[in-house]
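Okay, so here's the structure we're looking at.
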Amino acid sequence: MSNKKLHKDALNYHQGGRPGKIVVNSHKPMHTSEDLSLAYTPGVAAPVREIVKDADAVDLYTAKGNLVAVISDGSAVLGLGNVGALASKPVMEGKAVLFKKFADIDVFDIEVNTQDVGEFVQTVKNIAPTFGGINLEDISAPRCFEIEQRLIKELDIPVFHDDQHGTAIIVAAGLLNALEIQEKDITQAKLVCLGAGSAGIATLNLLCELGLNKDNILLLDREGVISTRTAKANDIKMQYAANTNKTTLAEAMQDADVFIGVSAANLVSKDMIKSMADKPIVFALSNPDPEISPADANSVRDDLIMATGRSDYPNQVNNVLGFPFIFRGALDAKAKAITTAMKIAAVHALKDLAKQSVPQAVLDAYGYASLSFGKNYIIPKPFDPRLIDTVPKAVAKAANV
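Reminder that position 118 of the sequence shown reads as 1350 in our numbering, one-by-one numbering, no gaps.
Shown next as structure tokens:
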């Protein structure tokens, strides 16, 4: 599909019928005067009194326990950058659709018209009683780190920045499987991460929890390799500063076992892929165009495993494999936070699911005759019906440990 046709079709999709992608419906009857008196005055006073007596009763009498806020300031929207709160709304509505489709979680999308950290945090705190969880979305780094940490500390409901942890969880699940197939040990693997924003830092944090040796990491931003000699990098990046003389991506890629790209299109050359270690693993996740195309990477290496963020290539790293099911597990467990243990449980649930026999429903959805664990299938597919039974249970179990 050409970019011009995609643009036109997308506008028609969002405008057609009625504008936008979401509606609010009631699931209670509203046909008679008695229904009206129960839904509103005077009947609504009964649950109000119960909640006054016991705050936990709010989950019995309202939608709060199954309601998540998808909140953005529009400062880092997809590959479009700082488009502002209003222009971020189509993306937040899209997130709401995915929550509902994959985990039957209701969502209000909220676009906050400030990029001041303090104002944003206070706004979310003020509206938090409405919700069972907060999904932060498309907030630029390094502000996103402070915002999330302050909200986790100050709220008693799960707060999750999907651009950080959703990406990290799916990458980790796929990478563990890729390392197994390539017969590499995560504690020994040399890893290059191109992109030191929210996704890159969170991915490295989670991989280190899973055994990756920090001394084997080279992290790069727009200026090159972040090293102990780097002067301008912030403290969040400097936690991964390497003791190295390497400064460029080409130098960093030499003999690397793993490349993770969360940056921009076409930054990795064929020669860089050639220079990697035997049986390399390449996660080129820039969207819509990866750091290097699978065609180019495979043209110079026949021993690699490759993943991208695109659905038209094998091994799509798609956050929809994570956030709906992670929140489903957290809400079901009535968790007050999404912990590292819950994230790791999601990683292993996804990793293990990819090794099981693929049901016919998945083959039909994607038009495959067959699909099995291997170089071209290291991560489950988003329309796998087993995800809703597998991942939330693992997350909820970890929440109660």
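Positions of the beta carbon are idealized from the N, C-alpha and C atoms, including for glycine.
Residue burial classification, residue i (beta-carbon count within 10 angstroms, cutoff 16)
{"i": "R1461", "result": "exposed"}
{"i": "L1238", "result": "exposed"}
{"i": "T1572", "result": "exposed"}
{"i": "S1307", "result": "buried"}
{"i": "K1469", "result": "buried"}
{"i": "Y1472", "result": "buried"}
{"i": "V1256", "result": "exposed"}
{"i": "R1542", "result": "buried"}
{"i": "P1617", "result": "exposed"}
{"i": "M1697", "result": "Here the chain comprises residues numbered 1233 to 1633, so residue 1697 is not present and cannot be evaluated."}
{"i": "Q1396", "result": "buried"}
{"i": "G1350", "result": "exposed"}
{"i": "D1489", "result": "buried"}
{"i": "S1234", "result": "exposed"}
{"i": "N1551", "result": "buried"}
{"i": "L1536", "result": "buried"}
{"i": "A1421", "result": "buried"}
{"i": "V1494", "result": "buried"}
Straight-line gap, residue i to residue j (C-alpha atoms, nearest Å)
{"i": "G1606", "j": "N1409", "result": "9 Å"}
{"i": "V1514", "j": "S1507", "result": "12 Å"}
{"i": "D1453", "j": "L1423", "result": "15 Å"}
{"i": "V1290", "j": "S1265", "result": "25 Å"}
{"i": "A1295", "j": "V1457", "result": "48 Å"}
{"i": "H1393", "j": "Q1414", "result": "31 Å"}
{"i": "A1434", "j": "L1268", "result": "48 Å"}
{"i": "G1365", "j": "V1300", "result": "5 Å"}
{"i": "L1603", "j": "I1611", "result": "11 Å"}
{"i": "S1525", "j": "P1251", "result": "35 Å"}
{"i": "V1280", "j": "L1439", "result": "46 Å"}
{"i": "D1467", "j": "A1373", "result": "12 Å"}
{"i": "Y1609", "j": "V1532", "result": "21 Å"}
{"i": "L1310", "j": "V1549", "result": "15 Å"}
{"i": "L1426", "j": "A1465", "result": "14 Å"}
{"i": "T1480", "j": "L1499", "result": "11 Å"}
First and last residue of the uninterrupted alpha helix (DSSP H) at residue i
{"i": "G1406", "result": "1394-1413"}
{"i": "D1267", "result": "1265-1271"}
{"i": "D1241", "result": "1235-1247"}
{"i": "S1531", "result": "1526-1532"}
{"i": "A1637", "result": "Any answer about residue 1637 is impossible in this case: the structure gives the chain only from 1233 up to 1633."}
{"i": "N1196", "result": "Since the first and last residues shown for the chain are 1233 and 1633, residue 1196 lies out of range."}
Close Cβ partners of residue i (< 8 Å) along its chain, the five nearest in sequence each way excluded
{"i": "V1302", "result": "M1324, K1327, A1328, F1331, V1339, F1340, D1341, I1342, N1367, E1369"}
{"i": "N1437", "result": "A1400"}
{"i": "K1357", "result": "L1383, E1386, L1387"}
Neighbourhood of residue i by C-beta distance below 6 Å, restricted to the same chain and skipping five residues each side
{"i": "K1583", "result": "A1405, L1408, N1409"}
{"i": "K1253", "result": "E1325, V1329"}
{"i": "F1615", "result": "A1597"}
{"i": "A1474", "result": "L1450, S1459"}
{"i": "E1282", "result": "A1289"}
{"i": "V1623", "result": "F1557, A1578, A1581"}
{"i": "P1512", "result": "L1536"}
Top-ranked residue by Cα proximity to residue i, from the options
{"i": "L1585", "options": "A1562, C1376, S1501, L1553", "result": "L1553"}
{"i": "T1346", "options": "N1298, G1364, N1314", "result": "N1314"}
{"i": "L1619", "options": "V1349, D1453, G1561", "result": "G1561"}
{"i": "G1398", "options": "F1555, A1567, G1311, S1459", "result": "F1555"}
{"i": "K1416", "options": "K1469, A1509, E1351", "result": "A1509"}
{"i": "E1455", "options": "L1442, G1429, V1280", "result": "G1429"}
{"i": "T1476", "options": "F1491, K1296, I1449", "result": "I1449"}
{"i": "Q1486", "options": "T1435, M1504, F1557", "result": "M1504"}
{"i": "H1259", "options": "A1271, K1253, R1250", "result": "A1271"}
{"i": "G1297", "options": "N1466, L1563, A1626", "result": "L1563"}
{"i": "N1445", "options": "T1419, D1286, T1622", "result": "T1419"}
{"i": "M1598", "options": "A1630, K1629, N1547, T1622", "result": "Sequence check: residue 1598 is Tyr here, not Met. Among A1630, K1629, N1547, T1622, the Cα nearest to that of Y1598 is on N1547."}
{"i": "A1577", "options": "K1625, D1521, K1236, A1516", "result": "K1625"}
{"i": "N1632", "options": "A1569, L1426, V1403, A1581", "result": "A1569"}
{"i": "D1544", "options": "V1590, A1565, P1522", "result": "P1522"}
Proximity test, Cβ basis, 8 Å: residue i and chain B
{"i": "K1506", "result": "Given the protein chain composition of this structure (a single chain), no chain B is represented."}
Enclosing beta strand (DSSP E) for residue i [first to last residue]
{"i": "T1540", "result": "1537-1540"}
{"i": "D1616", "result": "Neither: D1616 is in no beta strand (DSSP E) and is coded neither H nor E."}
{"i": "G1493", "result": "1490-1493"}
{"i": "F1515", "result": "1513-1516"}
{"i": "D1341", "result": "1338-1343"}
{"i": "L1442", "result": "Run containing L1442: none; DSSP gives neither H nor E here."}
{"i": "V1424", "result": "1423-1426"}
Close Cβ partners of residue i (< 7 Å) along its chain, the five nearest in sequence each way excluded
{"i": "K1587", "result": "F1605"}
{"i": "A1529", "result": "I1505, V1514, L1536, M1538"}
{"i": "S1320", "result": "S1304, G1306, V1309, E1343, D1370"}
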